[in-house]
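Peer 1:
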Amino acid sequence: MQPATGSSGDDNQKFAIILHDFRKNRFAYALVLPTILFMLAVHLWPMLQGIWMSLLKLNQFTLNQYLKAPFVGMHNYTELLFNTSNPVRQGMQYALRNTAIYTVVVTIAVMACGLGTAMLMNRAFPGRAIARTALLLPWVVPSYVVGILWGFMWQKEGIINYVLVDVLHLLDDKPFWLIGSNTLWAIIIPTVWRSWPFLMIVFLAGLQTISDELYEAAEIDGANKFRQFMSITLPLLKPIIAVQLLFQIIYNVYSYNIVAMMFGNGSGYPGEWGDLVMTAMTRQTFGYWAFGSGSAASFMLMLIMFVIVGIWYRVFRSELNT
Amino acid sequence: MSKQQSRFILNGSLTTFTWIIVLFTIFPIFYMVFASLHSNEDILRGITSFKLVDPKWENYRDMWINIDFFNFFKNSLIICTVTMLLASSFAVMAGYALAKYRFFGSKTLEMGIISTQMIPGIMFLLPIYLMFLGLKEVLGIPMINTYWGMILVYTAFYTPMSIWIMRSFFVAIPNDLEESALIDGCTRFQAFVKVILPLSVPGMIATCIYIFLTAWDELLFAWVLTTSPDVQTIPVGIRLFVGQYQNRYDLLMSAATVVTIPVIITFFLTQKYFIRGMTAGAVKG
């Protein structure tokens with residue numbers, strides 16, 4: 001194709017470049033085509049449909065003919081933001097508060113425990129290989145089992161109260177862990193327990209890429225262990241920390257299984273202190289058939305996540321290019 | 323005390339500390355197995371009435387009867403295996419193309435793949451639920467309560483992360499290998515199949531295990547998109563059981579043990595590949 005002159009010529013030229021690129025990379029296009037089609041069908045299309053649904057009045061009466069559901073514009077959004085008697089709105093403020101505390105505490109604890117144990121495991125000691133494999137076991141346990149198991153251990157007469165009260169005498173009487181403000185700890189601790197082994201493995205792999213010579217040189221310069229950690233270990237691990245931080249935030253904000261299993265069959269309510277955004281939204285949306293409000297709520301949750309990711313990107317941009 | 327002595331003591335105490343952490347960490351798993359071998363009366367009375375003698379193996383038989391475990395196990399196995407095969411094939415193809423080619427739209431595709439991970443699952447759940455209802459209504463294709471419906475959803479959700487793992491694996495394979503195959507007269511397709519694929523088997527194993535473990539663990543979509551025991555998976559079955567028999571901890575703990583042990587065994591057999599594949603993806607980001 002001959003590129004013509006003028007403004008349409010630029011388009012022609014662009015088209016010619018794309019065509020050339022297509023001929024050259026035919027094989028690559030063939031390889032990604034199934035994935036692209038699949039992602040358009042099961043990611044992009046449902047997402048657009050979800051945004052469209054958030055503008056409709058979708059409930060048990062209009063659900064069967066959802067293509068003909070009445071258009072209500074921003075009504076679902078204003079309802080969620082301002083109408084306190086909306087079922088999906090109810091409890092959402094607790095869920096948001098709990099999810100914020102849960103995400104911050106779990107993410108920090110998981111990163112700190114992961115890095116700490118990785119540094120302990122980075123030394124040579126007897127049984128190191130066995131210890132490393134054993135530490136990974138909690139991470140292999142399915143998360144719904146984690147919910148059942150810890151729900152059982154947190155019982156009033158359960159093992160945790162037995163150890164805290166009868167063995168160690170740390171508390172005077174046995175507290176309820178699955179009711180009241182303790183509930184948040186009852187879901188934070190199992191999540192940390194299950195998540196940090198993976199961080200340990202990732203940090204261990206990162207630590208092993210740092211050459212010993214750096215530490216030896218620092219030792220000669222008279223830097224103590226803490227100084228070495230701050231000036232060598234942390235800066236060199238920063239790219240790994242950045243990526244894992246993002247994954248942890250995403251994973252924890254969308255956490256569902258542990259709470260759903262720990263508090264009975266899930267149609268029950270884990271209490272103001274146990275409800276997370278995902279459990280609250282699922283229960284309220286499907287419980288009240290409030291699909292319009294539910295879609296609006298999930299779209300707003302997605303916007304919140306995009307803001308978090310945007311902040312993350314601004315903070316760690318320089319680390320990601322290396 | 324000499325310097326050598328103090329170093330010896332420090333090393334010893336660090337090792338002891340490490341082992342204490344290890345024991346504390348794996349204790350809940352042992353406790354689960356331990357509790358599963360006691361009668362419910364003993365469990366409800368508390369740990370002081372636990373005894374090692376006279377293990378109640380019949381819990382495992384009773385659990386099988388109460389939960390109809392074989393059925394849920396079969397469903398999980400079929401859905402997770404087919405998902406694993408489909409998603410890993412997509413991941414191998416797309417991961418290779420993204421690792422070795424720069425083509426029009428490849429950057430956009432990479433960004434699209436990562437950004438799927440930031441979208442809440444429930445954002446897809448509601449539309450897919452309605453889409454499945456609509457397909458049944460308009461075209462007469464049943465999607466809710468079918469294996470294919472679940473497999474389609476899981477394959478779509480685990481493909482992006484799997485592409486990412488495979489891509490970091492292919493990036494690590496040097497380009498020279500392919501180039502010499504091309505000089506020897508292979509087409510790009512032949513070079514891919516004969517040279518690159520055999521080298522990427524460890525990465526494929528890691529990806530397959532990742533997909534299988536994640537699908538084995540999925541609860542939310544299975545809970546909403548299946549209502550018939552004919553297709554419900556293990557997590558849904560156990561969740562229904564928890565709702566029906568809140569306080570049968572003996573059966574609950576034996577069910578939890580039965581689903582955990584196979585996963586742990588699989589992990590032990592394959593951990594060499596798995597740890598390598600997961601850390602390669604995670605460290606490079």
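From first to last, the protein sequence lines stand for chains A and B.
To convert, note that position 254 of the first sequence is 254 in my numbering; the numbers rise steadily by one, no gaps.
To convert, note that position 59 of the second sequence is 381 in my numbering; the numbers rise steadily by one, no gaps.
Each residue gets a CB set at the ideal place from its N, CA and C atoms; glycine is no exception.
#1: If you check the beta carbons only, do Tyr451(B) and Ile533(B) fall under 8 Å apart?
#2: Taking only three categories from DSSP, how would you classify Leu474(B)?
#3: Which runs of the alpha helix (DSSP H) spanning at least 4 residues fall entirely within the region 408-496 of chain B, listed in chain order?
#4: So what does DSSP say about Phe15(A), is it helix, strand or coil?
#5: Ile485(B) and Gly322(B) - do their beta-carbons sit closer together than 8 Å?
#6: Need the endpoints of the alpha helix (DSSP H) that Tyr29(A) sits in, please.
#7: Note down, one range per segment and in chain order, each alpha helix (DSSP H) of at least 4 residues found wholly within the region 113-151 of chain A.
#8: Just mark Gly206(A) as buried or exposed, buried being the case when its beta carbon has 16 or more other beta carbons within 10 Å.
#9: On the premise that Met111(A) lies in contact with Gln248(A), defined as a C-beta separation below 8 Å, what is that separation, rounded to the nearest angstrom?
#10: Can the beta-carbon of Ala478(B) be found less than 8 Å from the beta-carbon of Met39(A)?
#11: Sorted by chain position, which residues of the same chain lie with C-beta nearer than 8 Å to Leu135(A)'s C-beta, five sequence neighbours on each side aside?
#12: Kindly indicate if chain A contains any beta-carbon less than 8 Å away from that of Trp538(B).
#13: According to DSSP, is Phe71(A) part of a helix, a strand, or is it coil?
#14: Quick one: what does DSSP say Leu246(A) is sitting in, helix, strand or coil?
#15: Thinking C-alpha only, which one of Leu345(B), Val564(B), Thr588(B) and Arg424(B) is nearest Met385(B)?
#16: Under 8 Å Cβ-Cβ, which residues of chain A neighbour Phe446(B)?
#17: Can you find a CB in chain A that lies within less than 8 Å of the CB of Leu332(B)?
#18: Could you tell me whether any non-hydrogen atom of the ligand NAP is closer than 7 Å to the CB of Arg598(B)?
#19: For the alpha helix (DSSP H) containing Asn362(B), list its first residue and its last residue.
#20: Locate the alpha helix (DSSP H) running through Trp289(A), then write down its first and last residues.
#21: Could you tell me which chain B residues have their CB closer than 7 Å to the CB of Phe71(A), listed as they occur along the chain?
#22: Spatial neighbours of Gln228(A) within its chain, please: CB distance less than 8 Å, with the 5 preceding and 5 following residues excluded, ordered by chain position.
#23: So with Cβ pairs under 8 Å, would you call Tyr595(B) a contact of chain A?
#24: Please report the straight-line C-alpha distance between Tyr423(B) and Leu31(A), rounded to a whole angstrom.
#25: Relative to chain A, which residues along the region 481-492 of chain B have a C-beta separation below 9 Å, given in chain order?
#26: Less than 8 Å between the beta carbons of Met278(A) and Tyr254(A), yes or no?
#27: Kindly indicate the opening and closing residues of the alpha helix (DSSP H) around Trp341(B).
#28: So does the region 375-382 of chain B actually touch the region 163-172 of chain A, counting three or more Cβ pairs closer than 8 Å?
#29: Which residues in the same chain have their Cβ closer than 7 Å to the Cβ of Ala513(B), if we skip the five residues on either side of it in sequence?
#30: Shortest alpha-carbon distance to Val72(A) belongs to which of Lys57(A), Glu79(A), Thr84(A) and Ser85(A)?
#31: Go through its chain and collect everything with a Cβ distance to Asp552(B)'s Cβ below 6 Å, but skip five positions before and after it.
#32: What does the alpha-carbon distance come out to for the pair Leu204(A) and Met119(A)?
#33: Please confirm whether Asn252(A) has its beta-carbon closer than 8 Å to some beta-carbon of chain B.
#34: Any Cβ of chain E within less than 8 Å of the Cβ of Gly443(B)?
#35: Closer than 7 Å by C-beta to Asn397(B): which residues in its own chain qualify, once you throw out the five before and the five after it? Chain order, please.
#36: Do you know offhand how far Ser437(B)'s Cα is from Val475(B)'s?
Peer 2: The short version:
#1: no
#2: helix
#3: 428-437, 443-461 and 469-493
#4: helix
#5: Shown here, chain B extends from 323 to 607; a query on residue 322(B) therefore has no answer.
#6: Arg26 to Met39
#7: 128-140
#8: buried
#9: 7 Å
#10: yes
#11: Thr117, Met121, Pro197 and Met200
#12: yes
#13: strand
#14: helix
#15: Val564(B)
#16: Val42, His43, Pro46, Met47 and Gly50
#17: no
#18: What this structure holds is no ligand at all, so the ligand NAP is not there to describe.
#19: Asn362 to Arg367
#20: That residue, Trp289(A), is in no alpha helix (DSSP H); it is neither H nor E in DSSP.
#21: Within 7 Å Cβ-Cβ: nothing; Phe71(A) doesn't reach chain B, min ~16 Å.
#22: Tyr215, Ala218 and Glu219
#23: no
#24: 11 Å
#25: Thr481, Pro482 and Ile485
#26: yes
#27: Lys325 to Ala357
#28: no
#29: Glu500, Ala503 and Leu504
#30: Lys57(A)
#31: none
#32: 7 Å
#33: no
#34: Looking for chain E here will not work: the only protein chains present are A and B.
#35: Val553, Gln554 and Thr555
#36: 17 Å
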